[in-house]
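Residue numbers (the UniProt record's numbering): 1 to 54.
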């Protein structure tokens, strides 16, 4: 299976959902204070797993 096929299969059913990329720059109203912890938490949301450096 190619990387593209894996990506397509993983995102199947998500085309109608509005999912924004992680990061302050992708938010409508980004907070003024944004640090590494905020970034790591944003990257994991909505998963239940803690950030990798937890």
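Ideal Cβ positions, reconstructed from N, Cα and C, are used throughout, including at glycine. As the structure is a computational prediction, the values presented were derived from the model and not from experiment.
Excluding the five sequence neighbours on either side, which residues of its own chain have a C-beta within less than 8 Å of the C-beta of residue 39, listed in chain order?
Counting only Cβ-Cβ distances below 8 Å, and skipping sequence neighbours, we find 22, 23 and 24.
In this structure, how does DSSP classify residue 40 when only helix, strand and coil are distinguished?
Correct three-state label for residue 40: helix.
Mapping the DSSP letters down to three states, classify residue 5 as helix, strand or coil.
Reduced to three states, the DSSP call for residue 5 is helix.
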